[in-house]
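These notes concern the structure reproduced below.
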Amino acid sequence: MGSDAEKILAQFNLSDEDGKKFDIVLARLDTHFAPKRNVIHERAKFYRRDQKEGETVEQYVRALFDLTQYADFENKDDAIRDRLVLGCNDSECSEKLQLQSDLTLEKAVTFARQQEQVKSEIQQQRGQTASASLDAASFKYKRRPVAAGNKPTSTTGARSTTGACSKCGGTHQRGQCPAHGKRCNKCHKISHFARVCRSKSVNEVNSAPANNVPQVTEETFFVDSVDSGEEPWRVDINILHRKVNFKIDTGADVNIVNKRTWSFLGKPKLQPCETVRLISPGGKLNVMGSFQSTVTDLPVKVYVIDNETDNLLSRKTANSMGLVKRLNSVNFGEVKCTPVKIKLREGAVPYSVPVARRIPIPLMDKVKEELKRMKEGNVIEEITEPTEWVAPIVPVVKPNGKIRICVDLKKLNQAVERERYMMPTVDDVIHQLRGSSVFSKLDAASGFWQIPLDRETAKLTTFITPFGRYFFTHLPFGISSAPEIFQRL
Numbered sequence: 001m002g003s004d005a006e007k008i009l010a011q012f013n014l015s016d017e018d019g020k021k022f023d024i025v026l027a028r029l030d031t032h033f034a035p036k037r038n039v040i041h042e043r044a045k046f047y048r049r050d051q052k053e054g055e056t057v058e059q060y061v062r063a064l065f066d067l068t069q070y071a072d073f074e075n076k077d078d079a080i081r082d083r084l085v086l087g088c089n090d091s092e093c094s095e096k097l098q099l100q101s102d103l104t105l106e107k108a109v110t111f112a113r114q115q116e117q118v119k120s121e122i123q124q125q126r127g128q129t130a131s132a133s134l135d136a137a138s139f140k141y142k143r144r145p146v147a148a149g150n151k152p153t154s155t156t157g158a159r160s161t162t163g164a165c166s167k168c169g170g171t172h173q174r175g176q177c178p179a180h181g182k183r184c185n186k187c188h189k190i191s192h193f194a195r196v197c198r199s200k201s202v203n204e205v206n207s208a209p210a211n212n213v214p215q216v217t218e219e220t221f222f223v224d225s226v227d228s229g230e231e232p233w234r235v236d237i238n239i240l241h242r243k244v245n246f247k248i249d250t251g252a253d254v255n256i257v258n259k260r261t262w263s264f265l266g267k268p269k270l271q272p273c274e275t276v277r278l279i280s281p282g283g284k285l286n287v288m289g290s291f292q293s294t295v296t297d298l299p300v301k302v303y304v305i306d307n308e309t310d311n312l313l314s315r316k317t318a319n320s321m322g323l324v325k326r327l328n329s330v331n332f333g334e335v336k337c338t339p340v341k342i343k344l345r346e347g348a349v350p351y352s353v354p355v356a357r358r359i360p361i362p363l364m365d366k367v368k369e370e371l372k373r374m375k376e377g378n379v380i381e382e383i384t385e386p387t388e389w390v391a392p393i394v395p396v397v398k399p400n401g402k403i404r405i406c407v408d409l410k411k412l413n414q415a416v417e418r419e420r421y422m423m424p425t426v427d428d429v430i431h432q433l434r435g436s437s438v439f440s441k442l443d444a445a446s447g448f449w450q451i452p453l454d455r456e457t458a459k460l461t462t463f464i465t466p467f468g469r470y471f472f473t474h475l476p477f478g479i480s481s482a483p484e485i486f487q488r489l
């Protein structure tokens, strides 16, 4: 040591015996020179550390170990385990880890490594398969005449189609489309399959740029009527001081009137529409032009077509006038039915956990907020009286950052007496849809929660959290008989 170090060492007032021990001297020097760490800041760095893009599980765990050096955790293994579960990039792996009640750091690291290795091998297999398929697909290129102004594309060697075919939806050699000459089951036209059919079953008019030739793409729409047996929605609108009858068409992108109506309005001056094409099942509509008008103080643009068709009021204009309204979801509330009872097998042994499972500190506020939301929505109620059945919970982070509270009802499911209701298969449903042409899809938001539970049996669903015990007032997710009950009702 130098003279400066000897002066610092003399300040430690070490005994002669301790002054000769290397470990003691080194520890005192480290304490003297090492800067004091802010434990709160070190822990904040640890909790914010997520797995980076391209970072392996091994590298991520090693980084977490380094961050715990100055974080002063009482149990470093538990802290690293929680951060690994919540911070890994693989959301599927995170959910599976959170469902394990006896999860340790060693188990978590082993499982995450296995998941990472399996997914890497699957990606390699898919990459090799795709490469082999691409090399196998080849054809001879035949030169075709090139239109003036278009440059031919140079081709060397074998070529194959890239991407999905717009006629059949698959990948194949050029000129070997399986849909060639086949009739579509949807629109009954030739040379394409129904799964890639672009025709729509509602009235539609679409505007497309004129410099793009219409093809079978998302910019091609059809004007087609669905015969529902009811009169279409119509409305009389004052345009240019004349009353005109329009058909409300939520499938139309633009307002259109026919030539006869245009003459009835006094033939207002038309603006040229060379950059707009209107497409219908019979082909391109002959657009004479457009004119501006005002409808109930709303400026509207109306296209005039030289075809015998109905006057159509577009989706946008009808919505602006308050004639139609878009509903993103419909809330029907609670299902009107007799409260459902959960039946237990004879001799079922109650199961109760004495304490709540530990929840990572960063998720505590979110779990509390979700419990509050469920309570205000009358999905759960707080309970303080003793109950024979008490289940733990596992909070799962959803892709939007919110929390899903999963109640571990595994023990209760072992004692539940199932209804054994016959669930319909896909084949059963498809057979019932035979011959149909109009379909509607209804998605029940948290459908099980719309079915009320019997008051007494509801206490079987009691679960414990760090904020108290609750039970479901409506059918919970995770109970084995829930899908059968929901399907039956």
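No gaps in the numbering here: position 80 of the sequence shown is 80 in UniProt numbering, and each next residue is one more. In this text, a Cβ means the ideal position worked out from N, Cα and C, and glycines have one as well.
Limits of the unbroken beta strand (DSSP E) element including residue i
i	result
D297	Per DSSP, D297 belongs to no beta strand (DSSP E) and is neither H nor E.
V407	403-407
Residue i, buried or exposed, once every other Cβ within 10 Å from all chains shown has been counted against 16
i	result
T384	exposed
T294	exposed
N286	exposed
A44	exposed
G251	buried
K52	exposed
H41	exposed
F439	exposed
T473	buried
D16	exposed
Residue i - partner residues in DSSP beta bridges
i	result
I237	V244
T465	G468
N258	I305
E381	F471
G289	V304
Q124	Paired residues: none, contrary to the question.
A415	For A415, which the question treats as bridged, DSSP gives no partner whatsoever.
Q11	Answer by DSSP bridge pairing: none, since Q11 is not bridged.
Q271	S290
I190	R183
L312	K247, I256
V25	DSSP, once it has assigned bridges, lists no residue as partnering V25.
P452	H474
Rounded separation between residue i and residue j - CA only
i	j	result
G339	I485	Note on residue identity: the sequence assigns Pro, not Gly, to residue 339. Roughly 11 Å between the two C-alpha positions.
D30	F65	20 Å
I190	G169	15 Å
H180	C165	11 Å
R455	Q414	21 Å
F259	Q292	According to the sequence as given, residue 259 is Lys; it is not Phe. Approximately 16 Å between the Cα atoms of the pair.
D427	R326	33 Å
Q69	E55	21 Å
N378	S352	24 Å
R434	K182	20 Å
E86	S94	According to the sequence shown, residue 86 is Leu rather than Glu. Cα to Cα, L86 sits roughly 6 Å from S94.
K343	I479	12 Å
F471	F46	35 Å
L97	Q124	25 Å
K243	K366	57 Å
T104	D72	20 Å
N38	Q11	26 Å
R49	Q117	22 Å
N13	D23	16 Å
Endpoints, the alpha helix (DSSP H) within which residue i is located
i	result
C93	91-98
V394	Element bounds for V394: not the alpha helix (DSSP H) but the beta strand (DSSP E), 393-397.
K375	364-376
K45	39-48
G19	16-19
Option nearest residue i by Cα separation, candidates the options
i	options	result
K76	C88, R62, N89	R62
F467	F111, K375, Y303	K375
P354	P386, E382, M364	P386
F463	I430, A391, L442	A391
T317	D310, K301, V276, E308	K301
K341	L298, L475, E74, E388	L475
V349	L99, T110, E106, V416	V416
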